[in-house]
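Novice:
Numbering (my numbering), first residue to last: 14 to 408.
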């Protein structure tokens, strides 16, 4: 029996395999970090990252046959990508707005924050981009196709988290597709990070106008050439609202009730079934309702807070950056585009499912060997930047 491209049972099996891979790692001795205050969010992130993987696998099937990298026609499978990213943006806004709300006025340590963000995001990003460059040079015959100045500009563009837009590599204009074009979200993340001093000022937690001025400049850059779609900023507003709403004792009490888990499931299911775009204002509003309950403590019947889910959550960033490279490696360089294009939807799904365990394992190693050591560099860098100061505030 043939499996449809946009098969919900097949997608469900992919998620189950991802969780099972994390469970197996736990059984083999892997342990997630201690559950923090927002354990449900920790568990949620892993499932969101795998939703993006399923989303891009379906895009690959169409791309192999049409040469066009386009959004899935299925609302559900498009939401696996766009909806997941929208919720990722909410998570970012929620966590950092909560830090601001919890801080005393004038005590926010912005240098520590930005050093922490760089050491958190850069190491795995650098590894992923290095692999992308190797693939791009392989596709361009290991011969320089552009002037050295252009090559240097390309490298600078990638080093800057593609803030100016995803550049080519050695003249290969669609190089970003080698990692499923996932880097488009990073400029939005950095825009929000740079906006935080302004948000803190508006909330009465910051009074140093140098930092506020930097934030204002970063906001204005949206109008002065920073390639951001204002509609994609809407989920950040949802996350900010969630930071206030989730502080309510009444909301937290309801979030702990089983009915809240039902609301989360129904809200997400309705949104993903009937709305095609994850950045549709109605979709963002509905996702925000579900996210508020998760942020306030809803575990969705324990799914988001069990050990395997939290371990899967630790792999989130690596899964997000590496899944596109893994799909490219297998479909383009190992199987071959012509052969992969001749496959049925069932064969394509079998490959997708077969890649789940390797992706989880690779991403777990990426977290343990690259991401975590990178984060531990932050105190050392701070000691170099300002050795005379003790760091006690925002991390």
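Positions of the beta carbon are idealized from the N, C-alpha and C atoms, including for glycine.
(1) Is the beta carbon of residue 145 sitting closer than 8 Å to the one on residue 182?
(2) Where residue 386 and residue 100 are concerned, what is the direct C-alpha to C-alpha distance, given to the nearest angstrom?
(3) Measuring only the C-alpha atoms, how far is residue 25 from residue 308?
(4) Assign residue 182 to one of three DSSP states: helix, strand, or coil.
(5) Could you give the DSSP three-state label for residue 360: helix, strand or coil?
(6) The alpha helix (DSSP H) spanning residue 51 covers which residue range?
(7) Could you give the distance in angstroms between the alpha-carbon of residue 223 and the alpha-carbon of residue 360?
(8) To the nearest angstrom, how far is it from the Cα of residue 58 to the Cα of residue 163?
(9) Whose C-beta lies closer than 7 Å to the C-beta of residue 377 among residues of the same chain, with five residues either side of it excluded?
(10) With 16 as the cutoff for other CB atoms within 10 Å, does residue 205 come out buried or exposed?
(11) If residue 94 and residue 69 are in contact, beta carbons under 8 Å, what's the gap, nearest whole angstrom?
(12) Nearest by alpha-carbon distance to residue 244: which of 28, 293, 216 and 115 is it?
(13) With burial defined as no fewer than 16 other Cβ atoms inside 10 Å of the residue's Cβ, what is the status of residue 119: buried or exposed?
(14) List the endpoints of the continuous alpha helix (DSSP H) containing residue 151.
(15) Evaluate residue 287 with the Cβ neighbour count: other Cβ atoms within 10 Å of its Cβ, from every protein chain shown; 16 or more gives buried, anything less gives exposed.
(16) For residue 395, which option in 124, 356 and 187 has the closest C-alpha, if you only look at C-alpha atoms?
(17) Less than 8 Å between the C-beta atoms of residue 277 and residue 247, yes or no?
(18) Using the rule of at least 16 other Cβ atoms within 10 Å of the residue's Cβ for burial, across every protein chain shown, is residue 92 buried or exposed?
(19) Below 8 Å CB to CB, which residues in the same chain sit around residue 384 once its five sequence neighbours on both sides are set aside?
(20) So, residue 192 versus residue 372, is the Cβ gap smaller than 8 Å?
(21) What is the DSSP secondary structure of residue 253, reduced to helix, strand or coil?
(22) Can you look up residue 115 in the DSSP assignment and give me helix, strand or coil?
(23) In whole angstroms, give me the CA-to-CA distance for residue 129 and residue 390.
Specialist: For this structure:
(1) In this structure, the beta-carbon distance from residue 145 to residue 182 falls below 8 Å.
(2) In this structure, the CA atom of residue 386 is about 27 Å from the CA atom of residue 100.
(3) Looking at the backbone, the Cα of residue 25 and that of residue 308 are separated by about 24 Å.
(4) Of the three classes helix, strand and coil, the one that applies to residue 182 here is strand, per DSSP.
(5) In this structure, residue 360 counts as helix in the three-state DSSP scheme.
(6) In this chain, residue 51 is not harboured by any alpha helix (DSSP H), its DSSP state being neither H nor E.
(7) When the Cα atoms are used, residue 223 and residue 360 turn out to be separated by approximately 57 Å.
(8) Each residue's Cα considered, the two are about 37 Å apart.
(9) Within the same chain, residue 377 has close Cβ partners 38, 43 and 328.
(10) Around the Cβ of residue 205, a 10 Å sphere holds 16 or more other Cβ atoms; the residue is buried.
(11) Going by Cβ atoms, the distance from residue 94 to residue 69 rounds to 7 Å, so yes, they are a contact pair.
(12) Its Cα nearest to that of residue 244, the residue 293 stands out among 28, 293, 216 and 115.
(13) Exposed.
(14) Boundaries of the alpha helix (DSSP H) around residue 151: 123-152.
(15) Exposed.
(16) Minimum Cα-Cα distance from residue 395 among the listed residues 124, 356 and 187 corresponds to 124.
(17) Going by C-beta atoms, residue 277 is not nearer than 8 Å to residue 247.
(18) The residue is buried, with at least 16 neighbouring Cβ atoms inside 10 Å.
(19) So the list reads 133, 136, 137, 330 and 331, once near-sequence residues are dropped.
(20) Judged by their CB atoms, residue 192 and residue 372 are not nearer to each other than the 8 Å cut-off.
(21) In the structure shown, residue 253 sits in a helix (DSSP, three-state: H, G or I).
(22) If DSSP states are grouped into helix, strand and coil, residue 115 belongs with the helices.
(23) Rounded to whole angstroms, the gap between the alpha carbons of residue 129 and residue 390 is 9 Å.
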